[in-house]
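Below you'll find the structure, written out as structure tokens, and then a few comments.
There are 2 protein chains.
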Amino acid sequence: MPLPSRKPEAALNELTATEMAAAIAAGSATSESVVRACIARIDAREPQVLAWQFFDAEQAIAQARAFDRSGRRGAIGGVPFGAKDIFDTCDMPTEMGSPIYAGHRPRGDAATVALSRKAGGVLMGKTVTTEFANRHPGKTRNPFDPARTPGGSSSGSAAAVAEFMVPLALGTQTTGSTIRPASFCGVVGYRPTWGDIRCVGVKEAAGSLDTVGLLARSVGDIALYRDVLLGREPEPVPAPAAPPRVGFCRTHFWPRVEPGTQRLLEEAARRLSKAGARVADVELPATFADIEETHSRISSYEFARNFTWEIENHWELISKTLRENRLKHGLACTFQQYRAARDHAERCRALLAPVFDEHDVLLAAAAAGEAPIGLERTGDASFCLIWTTTHVPCVTLPVFTGPHGLPIGAQLIGRRNGDRSLLAAARWVHAALAP
Amino acid sequence: MPLPSRKPEAALNELTATEMAAAIAAGSATSESVVRACIARIDAREPQVLAWQFFDAEQAIAQARAFDRSGRRGAIGGVPFGAKDIFDTCDMPTEMGSPIYAGHRPRGDAATVALSRKAGGVLMGKTVTTEFANRHPGKTRNPFDPARTPGGSSSGSAAAVAEFMVPLALGTQTTGSTIRPASFCGVVGYRPTWGDIRCVGVKEAAGSLDTVGLLARSVGDIALYRDVLLGREPEPVPAPAAPPRVGFCRTHFWPRVEPGTQRLLEEAARRLSKAGARVADVELPATFADIEETHSRISSYEFARNFTWEIENHWELISKTLRENRLKHGLACTFQQYRAARDHAERCRALLAPVFDEHDVLLAAAAAGEAPIGLERTGDASFCLIWTTTHVPCVTLPVFTGPHGLPIGAQLIGRRNGDRSLLAAARWVHAALAP
């Protein structure tokens, strides 16, 4: 099964966001023409992929026409984007992947949706999320194989970007909810330094871990969209002055990585070294072995309190998966255990910081391997746990192909607050590892 | 103007929440009788105080009757509470102190509202907030003098508790929005360690500083309500094993404290020492002198991005105060300045931590003095800046009386994550300083 690749003369919907915005600003395309090309792609592929929870072609075209008429400019002027269905939208339902929120219409837009629109973005629709961005899956299928999961929880956002339905999509990550579906769907996924991009109007899962996540088809688009969401003028990420110092970090989750993926990562480390990077193995301190329990306690404790209204009023509408895992654990977790877990997370953050004195980025697995067969589960998120818990920025790059021809990502991790350096290194790595 | 004080045979509405819950559990009162007593007080005093944005006596009585019929128990079983009107409520409007949200009806309850109800609380209504918990005032007047501000932004919550309309109320604090109105209205105000109590369903002002805040008439009620909001079984705070080590911390804001209040604080330090506390002066490192600018940058940057939807769609409905201060500054603040401010805040947090090796609590001003005359402004919040920015827990105790007979609070600050120790020390200090 070949990966879909961009044609030499790309259709408008296959351009990157950066290219779309440039074409629209130059007058060589209109927002309406770009949006119509994306709609044509959605019409063709949505029946198989099911990426969208809400999609109304007329509404998208109306927004695009309004942009074209306005004479406005903007960093993503006229460019369509998708938003995971846990982001509030004032003009589209926001159903959270849960029957509890069927037909729910928020009063306003999430801050990130509003910032996207402020920069000229056209909201194409709402992408499928797992229930409350947890594990219970939505309807979306992997674009490369409908029998396989797209990953979660940002399932529809990853699939829609992979399918050239939109060049940009908003997701979130509390464990591996952006990096994992990006790896499974063959797109670039980015989780920013915790706290940088405001989560107002996004349904909170576990706020001390949650971030917005971005999905796109190029590192340049990620950098562009990040600037939009920070509410600042975009500034392209420069090429790094020198090849990055790469720490190859297998982590204690390495035995869970499939042998084929282990080989791909080790080969990638060698290729980066040949391309001029200084590559060295990195071993994390022993206390990181406890981080899975720490992450589980923090996320479960917060989740179980955050969803008190839903638990108390709509218990029967919550999936068995959510009730018997996250909520059961969270309701049983004491405040003392939660505080101890937060303390441990803080110690890990402090211990990780000096690692980046020796290495510009870490290279690690994004997922065990290709998207697994089956739609009931969204795959193993372990490979994101350490980075999510330590609040550092991460990118996954679609550079590997697995035994069944499906994509696998390589994850790069940067220093906390070092997002631009991470993205610069990611551009270099992406070029060096491009097939 | 005398402070209202509890009568020897207190009416039901004058009981503490702890006493109300005990009376209801023992069958010596019903939730309905308690709620009716509070309603009678609201009927008598609301025309002068204007603490409530939404209040429907029938709805409150219906909740109380449902509780009485249910046979349920709960830590605050049958006890009425108020919620600042930036807390989502599924059965009452949530208007945020802004015409943009006139008539807004959220889908669900904020986590803290739902946790209160889970523990048996009866939501009495929504208390007046300043616009979006910022500076533009609501209609509420100081209970002691209608010509004076109640303080903000949790104006109605502080006034309603002071007036014996409810024993407990939810507020928030991003600068001094709980401590300041508590000081001005003569009640106990508590801001928890940042991050402990979930803010889901509370309109975010600046998430990296925001906390929920609690208002009550006793430290014991604060401890009780805190446990409810952490979703755990209440455990009364014990008396401290020994008199606390008190650091008297004038801070560089001392010149802004009125001379009379300076004398009250210095006298309080002497009285605590006489009562057995080890009292010593504490001077903070020089870098704390920059914390006002740091707090302003963090809060303004986040605020201006959080409210993008309101700014882009309803600019003309935003007050001039908010537009020309917080939003103007926030839109002008660059991401680099914001990141630098966050770094500075983190340095201050690290520098403050060892201060608590020598002192169990710090004693500081809660406000410059009595509530100032005038309803256009909510008073100087400087005295909370350091503690808000450093994420440590704080309590204000209504122990001083100013030159016009109005209350002034004494602020106690605890170690980050040391909330129970702080509350234990606060009980001791409250008893030691009681008039």
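Quick note, the sequences are listed as chains Z and S, same order. The first sequence begins at 983 in the working numbering and counts up one residue at a time. The second sequence begins at 983 in the working numbering and counts up one residue at a time. Ideal Cβ positions, reconstructed from N, Cα and C, are used throughout, including at glycine.
What are the residues that DSSP puts in a beta bridge with residue i?
i          : result
Trp1034(Z) : Thr1109(Z)
Val1170(S) : Ala1198(S)
Val1343(Z) : Val1228(Z)
Ala1327(S) : Bridge partners of Ala1327(S): none, in fact.
Ala1046(S) : Looking at the DSSP assignment, Ala1046(S) forms no beta bridge with any residue, so it has no partner.
Phe1064(Z) : Reading the sequence as shown, one finds Gly at residue 1064(Z) and not Phe. Answer is Gly1107(Z), Ala1151(Z).
Ile1355(S) : Arg1130(S)
Arg1260(Z) : Arg1227(Z)
Val1182(Z) : Per DSSP, none; premise fails for Val1182(Z).
Asn995(S)  : Looking at the DSSP assignment, Asn995(S) forms no beta bridge with any residue, so it has no partner.
Thr1193(Z) : Gln1155(Z)
Asn1124(S) : Asp1127(S)
On the premise that residue j lies in contact with residue i, defined as a C-beta separation below 8 Å, what is that separation, rounded to the nearest angstrom?
i          : j          : result
Ala1323(Z) : Arg1279(Z) : 4 Å
Val1110(S) : Asp1067(S) : 7 Å
Thr1076(Z) : His1086(Z) : 5 Å
Glu1284(Z) : Gly1189(Z) : 6 Å
Pro1216(S) : Ala1057(S) : 5 Å
Ala1115(Z) : Ala1187(Z) : 5 Å
Arg1180(Z) : Thr1316(S) : 16 Å between Cβ atoms; not a contact.
Cys1366(S) : Gln1155(S) : 7 Å
What is the DSSP secondary structure of residue i, counted as helix, strand or coil?
i          : result
Met983(S)  : For Met983(S), the predicted structure reports a pLDDT of 38, less than 50, and the residue's modelled location is therefore unreliable. The matter cannot be settled from this model.
Ala1313(S) : Note that residue 1313(S) is Leu in the sequence shown here, rather than Ala. DSSP places Leu1313(S) in helix when its eight states are reduced to three.
Pro1220(Z) : coil
Leu1394(S) : strand
Phe1069(Z) : strand
Val1148(Z) : coil
Ile1006(Z) : helix
Thr1383(S) : strand
Thr1378(Z) : strand
Pro1417(S) : coil
Asn1307(S) : helix
Pro1389(Z) : strand
Met1022(S) : Correcting the residue type first, residue 1022(S) is Ala in the shown sequence and not Met. Three-state DSSP puts Ala1022(S) in a helix.
Gly1138(Z) : helix
Ile1280(S) : helix
Just the Cα atoms here: how many angstroms apart are residue i and residue j?
i          : j          : result
Ser1010(Z) : Leu1379(Z) : 30 Å
Thr1372(Z) : Ser1015(S) : 51 Å
Thr1233(S) : Arg1409(S) : 24 Å
Arg1245(Z) : Pro1218(Z) : 33 Å
Arg1260(Z) : Leu1344(Z) : 11 Å
Val1031(Z) : Arg1162(Z) : 17 Å
Ala1019(Z) : Glu1040(Z) : 13 Å
Val1228(S) : Phe1289(S) : 40 Å
Ser1098(S) : Ala1140(S) : 18 Å
Ala1092(S) : Gly1312(S) : 27 Å
Ala1221(S) : Phe1063(S) : 26 Å
Asp1025(S) : Thr1160(Z) : 53 Å
His1412(S) : Val1381(S) : 7 Å
Leu994(Z)  : Tyr1207(S) : 57 Å
Thr1360(S) : Arg1117(S) : 7 Å
Arg1089(S) : Gly1079(S) : 19 Å
Leu1415(Z) : Phe1126(Z) : 21 Å
Ala1129(Z) : Ala1096(S) : 40 Å
Pro1174(Z) : Asp1209(Z) : 11 Å
Pro1385(Z) : Arg1331(S) : 50 Å
Gly1351(Z) : Ala1262(Z) : 23 Å
Val1264(S) : Ser1282(S) : 30 Å
Met983(Z)  : Gly1387(Z) : Per-residue confidence for Met983(Z) stands at a pLDDT of 39, beneath the threshold of 50, marking its modelled position as unreliable; the derived number appears in the next sentence. Cα to Cα, Met983(Z) sits roughly 6 Å from Gly1387(Z).
With a threshold of 7 Å, establish whether the CB of residue i neighbours any heavy atom of the ligand GDP.
i          : result
Cys1020(S) : Here there are no bound small molecules, and the ligand GDP is not part of this structure.
How about residue i: is its C-beta nearer than 8 Å to some C-beta of chain C?
i          : result
Arg1180(Z) : The structure shown contains no chain C; its protein chains are Z and S.
Quiz item: Taking any Cβ of chain S, which residues in the segment 1278-1291 of chain Z have a Cβ under 9 Å from it, in chain order?
Solution: Tyr1283, Glu1284, Ala1286, Arg1287, Asn1288, Phe1289, Thr1290, Trp1291
Practice problem: Could you please tell me which residues of the segment 1320-1344 of chain S, in chain order, have their CB closer than 7 Å to any CB of chain Z? | Solution: Arg1321
Exercise. Give, in chain order, every residue of the segment 1077-1095 of chain Z whose Cβ lies closer than 7 Å to some Cβ of chain S.
Key: Tyr1083, His1086, Arg1089, Gly1090, Asp1091, Ala1093
Practice problem: Taking only beta carbons into account, state which residues of the segment 1386-1411 of chain S come closer than 7 Å to chain Z, listed in chain order. | Solution: Asn1399
Quiz item: Between the segment 1194-1224 of chain S and chain Z, which residues of the former have a C-beta closer than 9 Å to a C-beta of the latter?
Solution: Asp1209, Leu1211, Leu1212, Gly1213, Arg1214
Quiz item: Using Cβ-Cβ distances below 9 Å, what residues of the segment 1154-1172 of chain Z are close to chain S?
Solution: none
Quiz item: In the segment 1060-1074 of chain S, which residues sit with their C-beta less than 9 Å from some C-beta in chain Z, listed in chain order?
Solution: Asp1070, Cys1072
Quiz item: Which residues, in order along the segment 1094-1112 of chain Z, keep a beta-carbon less than 8 Å from a beta-carbon of chain S?
Solution: Here the close residues are Val1095, Ala1096, Leu1097, Arg1099, Lys1100.
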